[in-house]
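J.: Numbering (this note's numbering), first residue to last: 427 to 1069. The C-beta atom is built at its ideal place from N, Cα and C for all residues, glycine as well. Values in this document were obtained by computation on a predicted structure and should not be read as measured data.
(1) Mind reading off the beta-carbon distance from residue 952 to residue 1011? Whole number of angstroms is fine, and I expect it under 8 Å.
(2) Which residues bound the alpha helix (DSSP H) around residue 486?
(3) Taking the runs of the beta strand (DSSP E) that are 3 residues or longer, which of them lie wholly in the segment 945-970?
(4) If you drop the 5 nearest sequence neighbours on each side, which residues of the same chain put their C-beta closer than 8 Å to that of residue 510?
(5) Just curious, the beta strand (DSSP E) that residue 740 is in, first and last residue?
(6) Helix, strand or coil for residue 895, going by three-state DSSP, please let me know.
(7) Are three or more beta carbon pairs between the segment 1047-1056 and the segment 853-862 nearer than 8 Å?
(8) With distances taken between CB atoms, is the gap from residue 627 to residue 657 smaller than 9 Å?
(9) For the candidate residues 815, 692, 828, whose alpha-carbon lies nearest to that of residue 786?
(10) Within the segment 701-733, note down every full beta strand (DSSP E) run reaching 3 residues or more, in order along the chain.
(11) Quick check on this structure: which residue in 670, 817, 631, 653 has the alpha carbon closest to the alpha carbon of residue 661?
(12) Closer than 8 Å is the cut-off here; do at least three beta carbon pairs connect the segment 787-804 with the segment 828-837?
(13) Can you tell me which residues form a DSSP beta bridge with residue 982?
(14) If you follow the alpha helix (DSSP H) that residue 1041 is in, where does it begin and where does it stop?
(15) Counting only the same chain and skipping the five closest in sequence on each side, list residues whose C-beta sits under 6 Å from that of residue 505.
(16) Terminal residues of the continuous beta strand (DSSP E) containing residue 769?
(17) On the criterion of 16 or more Cβ atoms from any shown chain inside 10 Å, does residue 429 qualify as buried, or is it exposed?
(18) If I measure Cβ to Cβ from residue 615 and keep anything under 8 Å in the same chain, skipping five residues before and after, which residues do I get?
(19) Note down, in chain order, each residue of its chain lying with its Cβ closer than 8 Å to the Cβ of residue 445, except the 5 sequence neighbours on either side.
(20) Report, in whole angstroms, the separation of the C-beta atoms of residue 806 and residue 988, which I expect to be a contact under 8 Å.
(21) Look up residue 839 in the DSSP assignment and give the residues it is bridged to.
(22) Determine which residues share a DSSP beta bridge with residue 1007 and list them.
(23) Hey, how far is the Cα of residue 1062 from the Cα of residue 849?
(24) Where residue 932 and residue 894 are concerned, what is the direct C-alpha to C-alpha distance, given to the nearest angstrom?
(25) Taking the alpha carbon of residue 548 as the reference point, which residue from 670, 523, 866, 513 has its own alpha carbon closest?
(26) Of the residues 810, 934, 604, 918, which one's Cα is nearest the Cα of residue 733?
(27) Excluding the five sequence neighbours on either side, which residues of its own chain have a C-beta within less than 6 Å of the C-beta of residue 774, listed in chain order?
(28) Using the DSSP secondary-structure output, state which residues sit across from residue 576 in a beta bridge.
(29) Return the Cβ separation of residue 639 and residue 604 in integer angstroms, given the expectation that the two are a contact with Cβ distance under 8 Å.
(30) Please return the same chain residues whose Cβ sits closer than 6 Å to the Cβ of residue 1045, not counting the five positions on each side in sequence.
(31) Count the C-beta pairs between the segment 749-766 and the segment 722-730 that are closer than 8 Å, then say yes if the count reaches three, no if not.
(32) Run through DSSP, which three-state label would residue 779 get?
(33) State the beta-bridge partners of residue 924 as determined by DSSP.
(34) Take every Cβ of the segment 937-945, pair it with every Cβ of the segment 665-672, and state whether three or more of those distances are shorter than 8 Å.
(35) Quick check: the Cα distance between residue 768 and residue 717, rounded to an integer number of angstroms?
(36) What do you get for residue 859, buried or exposed, if any count of 16 or more other CB atoms within 10 angstroms of its CB means buried?
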């Protein structure tokens, strides 16, 4: 049976079958009009009539490509093409009779026209019946393989869902048995649509017990609804594999390919409704500007590059020290933004002279500072490197921005800077403090070295603070996905550990919006939604892969890593928030810092750091950020001595 399902009639054979039907129909019509007087028929010009008709029919059907469609997938479009071909063939033959056969051979053309009229109905009916019969036979044979078919539900009971049902039924690769539709509209529940029942989403457990559902098909748009997302999560919990279908406009013109259907990803469940930002204001701030983006080849930095380029800046300078990612980004930009003016620079933000020459050459007007070390355990082992990049690198860029009269300096910070328990978070908090203190003297001359000699720069220094971003390099989701692909185990540090998550485009949209609304000195914090338990994240990802947690793949708890927190915070308990016009962006009200005091502390820190005196470096960090208390770290001993 499966061999029959996978075999297709060659096009030439379909054309021959169509011509045999047309010839037989013409002959039958001829006999009916002549009242089956065979002797009279044979004495006439029957063979000439039918021979010429076959030639006209063959030319017409071949020209209109009636034979090129797959019979088993015949649709209204194919029926329309058959009617058109038979009609054009009849009109062409009638014209041929009127212009040549009737005057030359003195035949009764009226009878021929009656033959053509009758033939039109008989031939059209037969051609359509053959196709519908072949399609019905195909479906009947395929239904005989029901044991191997997957039982599926479709989320939604609207026109798009019906199109999806028809596409799945026509698919020859999946062998799907469609149980019905899921919906939450009370007016549709228990109704039949295209011979399939509409069930309420709350009945999914009963449906699973009754039908043992294998898969649920959902449209990508359904994932934007919180209610539908929760219903889909329920299906995942029940072990139903969820597949996402692209918008119908991407496949309606042709057959839905199984390559277009994707497994539901954990990012789909974690994403929230799209953020609406003031695009006009962002566009007016960035259009025609020279923009410098540090860490431009990283997860956040590269997305800043993409979004900034969409606002038509005069120039985008991308700064990073990672050669290969920078090269890949450059190739991507050439493809996506072929007319953009982009300068790609390999440079280290800790190298003041290199950064000075970059500012001098390109004179940026807006700076997005995303270059940073971000991995907590790595920085716990290398505190001096964290200070070098996250503190000195930030100081270099901020000082140069003030010196070269940059309009806005936007630093990307982290929720780990709040009540930090690790080197990485504390280094970012120190960078935040420096940025804030520097904003307090914006409009005044920097004491000490001022290489460009600019007397009164007016730079607005802005900080943005958010949590984990989905899919960023080295983050938990790609790591879990890799572990699942390898067969496990999936490693989680602690059963109670939670994290905030945000998509990369969402985070960058908010960064651009905050940069636009910032007046200088603010720390903008973003609405990260509800925190997610990492163990729940791991089990969901295992289930999304069609596997059973702790049966197919184990979840193993490895213990908190050095410097790691159980819970992340976006605000210090002493910090208050001020609302903005954007519901997802708030301003953290923090204490003011004296620039001179901060500079003295940081210069002392950098001096200790230069000498690689790790313990003294960390001790100084704790003095600058008193709320920094080490957790599960070799530096906990310093807290005991400082108390």
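T.: To lay it out plainly:
(1) 6 Å
(2) 472-489
(3) 949-952
(4) 490
(5) From DSSP, residue 740 is part of no beta strand (DSSP E); its letter is neither H nor E.
(6) DSSP places residue 895 in strand when its eight states are reduced to three.
(7) yes
(8) yes
(9) 828
(10) 716-720
(11) 631
(12) yes
(13) 917
(14) 1040-1050
(15) 554
(16) 768-772
(17) Model confidence at residue 429 stands at a pLDDT of 39, short of 50, so the residue's coordinates are unreliable and nothing is read from them.
(18) 609, 624, 625, 626
(19) For residue 445, where only same-chain residues beyond five positions count, the Cβ hits under 8 Å are 480, 483, 484, 487.
(20) Rounded to whole angstroms, the Cβ separation of residue 806 and residue 988 is 4 Å, and the two are in contact under 8 Å.
(21) Note: residue 839 sits in a beta bridge opposite 891.
(22) Answer by DSSP bridge pairing: none, since residue 1007 is not bridged.
(23) When rounded, the distance between both Cα atoms is 12 Å.
(24) 12 Å
(25) 513
(26) 934
(27) 747
(28) 602
(29) No, residue 639 and residue 604 are not in contact; Cβ-Cβ is about 11 Å, not under 8 Å.
(30) 1064
(31) yes
(32) If DSSP states are grouped into helix, strand and coil, residue 779 belongs with the helices.
(33) 959
(34) no
(35) 10 Å
(36) buried
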